[in-house]
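Asks: Have a look at this one before I ask anything.
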Amino acid sequence: MPVKKRPEDLRSHRWLGVNDMRSFGHRSRLRQIGYDGEDWDGKPVIGIINTWSEINPCHVHLRARAENVKRGVLQAGGFPIELPAMSLSETFVKPTTMLYRNMLAMETEELLRSHPLDGAVLMGGCDKTTPGLIMGAISMGIPAIYIPAGPMLRGNWNGQQLGSGSDVWKYWTEKRAGNITEQEWNEIEGGIARSFGTCMVMGTAATMMAIAEALGLSLPGASSIPAADSNHPRMCGQAGRRIVDMVWEDLTPKKILTAAAFDNAIKVHMAMGGSTNAIIHVVAMARRAGIPMDMERFDQLSREVPVLANVRPSGKYLMEDFFYAGGLRGLMMQMKDRLDLSCITVTGKSIGENIEGAKVHIPDVIHSLDDPVYAEGATAVLRGNLAPDGCVIKPAAADKRFLKHRGKAIAFEDYNHMMVEIERDDLDVTPDHILVLKNAGPKGGPGMPEWGMLPIPKRLLAQGVRDMVRISDGRMSGTSYGACILHVAPESFVGGPLAFVQTGDEIEIDVEARRIHLHVSDEELTRRRAAWKQPAKKYPRGYGALYSEHIGQADTGCDFDFLAPLGPVPEPEIH
Ligand code: FES
Numbered sequence: 092m093p094v095k096k097r098p099e100d101l102r103s104h105r106w107l108g109v110n111d112m113r114s115f116g117h118r119s120r121l122r123q124i125g126y127d128g129e130d131w132d133g134k135p136v137i138g139i140i141n142t143w144s145e146i147n148p149c150h151v152h153l154r155a156r157a158e159n160v161k162r163g164v165l166q167a168g169g170f171p172i173e174l175p176a177m178s179l180s181e182t183f184v185k186p187t188t189m190l191y192r193n194m195l196a197m198e199t200e201e202l203l204r205s206h207p208l209d210g211a212v213l214m215g216g217c218d219k220t221t222p223g224l225i226m227g228a229i230s231m232g233i234p235a236i237y238i239p240a241g242p243m244l245r246g247n248w249n250g251q252q253l254g255s256g257s258d259v260w261k262y263w264t265e266k267r268a269g270n271i272t273e274q275e276w277n278e279i280e281g282g283i284a285r286s287f288g289t290c291m292v293m294g295t296a297a298t299m300m301a302i303a304e305a306l307g308l309s310l311p312g313a314s315s316i317p318a319a320d321s322n323h324p325r326m327c328g329q330a331g332r333r334i335v336d337m338v339w340e341d342l343t344p345k346k347i348l349t350a351a352a353f354d355n356a357i358k359v360h361m362a363m364g365g366s367t368n369a370i371i372h373v374v375a376m377a378r379r380a381g382i383p384m385d386m387e388r389f390d391q392l393s394r395e396v397p398v399l400a401n402v403r404p405s406g407k408y409l410m411e412d413f414f415y416a417g418g419l420r421g422l423m424m425q426m427k428d429r430l431d432l433s434c435i436t437v438t439g440k441s442i443g444e445n446i447e448g449a450k451v452h453i454p455d456v457i458h459s460l461d462d463p464v465y466a467e468g469a470t471a472v473l474r475g476n477l478a479p480d481g482c483v484i485k486p487a488a489a490d491k492r493f494l495k496h497r498g499k500a501i502a503f504e505d506y507n508h509m510m511v512e513i514e515r516d517d518l519d520v521t522p523d524h525i526l527v528l529k530n531a532g533p534k535g536g537p538g539m540p541e542w543g544m545l546p547i548p549k550r551l552l553a554q555g556v557r558d559m560v561r562i563s564d565g566r567m568s569g570t571s572y573g574a575c576i577l578h579v580a581p582e583s584f585v586g587g588p589l590a591f592v593q594t595g596d597e598i599e600i601d602v603e604a605r606r607i608h609l610h611v612s613d614e615e616l617t618r619r620r621a622a623w624k625q626p627a628k629k630y631p632r633g634y635g636a637l638y639s640e641h642i643g644q645a646d647t648g649c650d651f652d653f654l655a656p657l658g659p660v661p662e663p664e665i666h
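So for the sequence shown, the numbering used here puts the first residue at 92; every next one is plus one.
Next up, the structure:
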């Protein structure tokens, strides 16, 4: 049995429980808000870190859901306080939300540190919000529970089910090829996002919500509940009740986030056919928790765990179907022999106890290990002279003929250069060419934008080509697909070998052998390196300049160098 804390052990006691002038000020100001001693005396103060915003359609329900959390906290004898945090709407925040993931992590850590909080409820879901919230909570170290926003309902157009992102790319390509009308394009715009909630394919949001649950940071089954399902507000109330007990039990993230918990999460990522973005976020979260982690671990585990979830963009169905089929508990039950079932979770129970009795109701949505959707895991890590520190491909989402391929490069110096060239009717390109985009990395973007699914050149579209090999130091949306090689490290902006690729160079890819090779001699590469000049920085001042100065490379999780170090976070002095 965990030792229970006493009220005077609570962190908030320093603000509210002692008898001095400062605590008088804190209490009198709570009375100013309308609270009374009954509200806080001897009770854990629970900070609800809410990434709700009116411009984030994925989180628009979180304002109401916070009330469900508060109800739960009150029922369990806690004192809930809601604090807003940066919303990071993937759709609206430019140039890319990845520029701000670490800002949210820092904001979360400092919100928790600077206020009289004993426990935290983290409310997020849209792509970078999940790792941002969790990274901050890990560093702060007080008990925390994560509430996933949940996926939106399936899209619908002309009787067809539409998936976020994936079908946008698909129909935009068809529109560029002249195969759908303006009227049809408008209808798709009205049908693709039918309710609040996150993207409902296995994009970065669904992947990261599942990873958070597999790590043990959410209530069992929470990540699969559609945002608009009444199970969702009930789950929020349960989380509110549970966090109060977690405070008394002192069940902190570091007690949950072991090396085995991260292995479980990576295996679940593989079985889900999850987003490549997860690699960066999991490496960053693990390192915050003091667990040594690199991309190699993903590659090792990808060979052990096949894709089981038949969900787009690698599969056929959508997250709503995944929920009806049994959700994450069902999927984890299918692969229970590959998981460490003894890992402790926010429930205070083990993963094994949490998935007890879980069933798969629709076998075509959640496959078994004997009958996987794709024989190997979701991602493969390649290395070679073009990517000495590694790069990533999602084989399940690529045309299989490109998994072993040699072709001539067409190199673009940056995003704008690429966008002009691919629209040229006279571009000298064949389906066997390899498109190379430079300066899309953590420092070069900056922020590593999701430019990695380079558009198919217009000339090839007209010929019916829908996939080809594309290489960049950027990321791609989890809703994207194709033979895209991403996260090339080190990036071109800092002088990684990608910077020296020229149009006409030959590049060879062998996913089975995990190899990527630029067929240019070492002497020639040395000559090109000597002639290379670093492009100008985009941000001379402000957060962008701070970001460019301190951001790490993709293979290390893109954390800031000053946030990554481990060690206790100093408690604020209260004078
Ligand atoms: Fe928010 Fe996709 S835009 S999850």
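Backbone N, C-alpha and C define an ideal beta-carbon position, used for all residues, glycine too.
Cutting at 6 Å between CB atoms, please list the residues of its own chain near Ser144, excluding the five before and the five after it.
Replies: If we look at Ser144 and ignore the five residues flanking it on each side, its Cβ neighbours are Ser178.
Asks: Need the endpoints of the beta strand (DSSP E) that Met214 sits in, please.
Replies: Run containing Met214: Gly210 to Gly215, per the beta strand (DSSP E) assignment.
Asks: Between which two residues does the beta strand (DSSP E) holding Tyr237 run?
Replies: That run of the beta strand (DSSP E) goes Ala235 to Pro239.
Asks: Taking its Cβ as the centre, do 16 or more other Cβ atoms sit within 10 Å of Met141, making it buried, or is it exposed?
Replies: According to the sequence provided, residue 141 is Asn. The question's Met does not apply to it. When all chains shown are included, Asn141 counts as buried.
Asks: Please classify Lys358: is it buried, with 16 or more other beta-carbons within 10 angstroms of its beta-carbon, or exposed?
Replies: With 16 or more other Cβ atoms within 10 Å, it is buried.
Asks: Taking only three categories from DSSP, how would you classify Trp260?
Replies: Of the three classes helix, strand and coil, the one that applies to Trp260 here is helix, per DSSP.
Asks: Within a Cβ cutoff of 8 Å, which residues of the same chain sit near Ser441, ignoring the five residues on either side of it in sequence?
Replies: These residues qualify, in order along the chain: Leu432, Ser433, Cys434 and Ile435.
Asks: For Phe503, which beta-bridge partners are listed by DSSP?
Replies: Answer is Leu528, bridged to Phe503.
Asks: Using DSSP bridges, identify the partner residues of Lys82.
Replies: Residue 82 is absent from the model: the chain starts at 92 and stops at 666.
Asks: Identify the residues that DSSP records as bridge partners of Phe651: which are they?
Replies: Its beta-bridge partners are Ile642.
Asks: For Met510, is the classification buried or exposed, using 16 other Cβ atoms within 10 angstroms of its Cβ as the cut-off for buried?
Replies: Per the 10 Å Cβ criterion, exposed.
Asks: So, for Glu181: in the same chain, excluding its five sequence neighbours on each side, which residues have a beta-carbon less than 6 Å away from its beta-carbon?
Replies: The answer, listed in chain order, is Thr188, Cys217 and Asp218.
Asks: Classify Asn401 as helix, strand or coil using the three-state DSSP reduction.
Replies: Coil.
Asks: Could you tell me whether the Cβ atoms of Arg561 and Asn368 are closer together than 7 Å?
Replies: Not a contact, by the Cβ cut-off of 7 Å.
Asks: Do Gly223 and Leu195 count as a contact pair if the criterion is CB distance below 7 Å?
Replies: Taking 7 Å as the Cβ cut-off, Leu195 and Gly223 qualify as a contacting pair.
Asks: In chain order, what are the residues with a CB under 5 Å from some non-hydrogen atom of the ligand FES?
Replies: Spelled out in chain order, the answer is Cys149, Glu181, Thr182, Cys217, Thr289, Cys290 and Ala296.
Asks: Helix or strand or just coil, what does DSSP make of Cys327?
Replies: The answer is helix: DSSP assigns Cys327 an H, G or I state.
Asks: Restricting to Cα atoms, I'd like to know which of Glu467, Leu609, Gly406 and Val396 is closest to Arg497.
Replies: Out of Glu467, Leu609, Gly406 and Val396, Leu609 has the C-alpha closest to the C-alpha of Arg497.
Asks: Going by the DSSP bridge assignment, what does Arg474 pair with across the sheet?
Replies: Paired residues: Arg606.
Asks: Can you name, in chain order, every residue of its own chain whose Cβ lies under 7 Å from the Cβ of Gly406, other than the five neighbours on each side?
Replies: Taken in chain order, the residues that qualify are Gly364, Ala400 and Val464.
Asks: Secondary structure at Val335, three-state DSSP: helix, strand or coil?
Replies: Helix.
Asks: In the DSSP assignment, the beta strand (DSSP E) including Asn247 goes from what residue to what residue?
Replies: First-last of the beta strand (DSSP E) with Asn247: Gly246 to Trp248.
Asks: Less than 7 Å between the beta carbons of Ala330 and Ile236, yes or no?
Replies: Yes. Within cutoff.
Asks: Looking only at its own chain, which residues have a Cβ that is under 6 Å from the Cβ of Ile598, when we skip the five neighbours before and after it?
Replies: Same-chain partners within the cutoff: Ala500, Ile525 and Leu609.
Asks: Let's see if you can read the secondary structure: which residues bound the beta strand (DSSP E) around Pro175?
Replies: Its beta strand (DSSP E) spans residues Phe170 to Pro175.
Asks: Any chance the region 319 to 336 sits against the region 155 to 167, with 3 or more Cβ pairs inside 8 Å?
Replies: Verdict: yes, contact present.
Asks: Distance check for Gly555 and Arg492, CA to CA, integer angstroms please.
Replies: So the two alpha carbons sit approximately 16 Å from each other.
Asks: Determine the closest residue to Asp390 out of Ile370, Ala377, Val402 and Ile382, with distance taken between C-alpha atoms.
Replies: Per the Cα distances, Ile370.
Asks: Is the separation between the beta-carbon of Ile238 and that of Cys327 shorter than 7 Å?
Replies: Yes.
Asks: With a CB to CB cut of under 7 Å and the five nearest residues on each side skipped, what residues in its chain are close to Ala553?
Replies: These residues qualify, in order along the chain: Ala268.
Asks: Cutting at 8 Å between CB atoms, please list the residues of its own chain near Cys649, excluding the five before and the five after it.
Replies: Excluding residues within five positions, the ones whose Cβ falls inside 8 Å are Met189, Arg192, Asn193, Ile371, Ala375, Pro533, Met539, Ile642 and Gly643.
Asks: For Asp428, does the three-state DSSP call read helix, strand or coil?
Replies: Helix.
Asks: Is it true that the CB of Asn355 sits closer than 7 Å to the CB of Leu430?
Replies: Yes, these two residues count as a Cβ contact at 7 Å.
Asks: In three-state DSSP terms, what is Leu577?
Replies: Three-state result, Leu577: strand.
Asks: I'd like to check one pair, Pro537 with Tyr638: are the Cβ atoms closer than 7 Å?
Replies: For Tyr638 and Pro537, yes; Cβs fall inside 7 Å.
Asks: Evaluate the contact criterion for the region 409 to 429 versus the region 308 to 327: three or more CB pairs, one atom per stretch, below 8 Å.
Replies: As far as the Cβ criterion goes, the region 409 to 429 touches the region 308 to 327, which means the pair count is three or higher.
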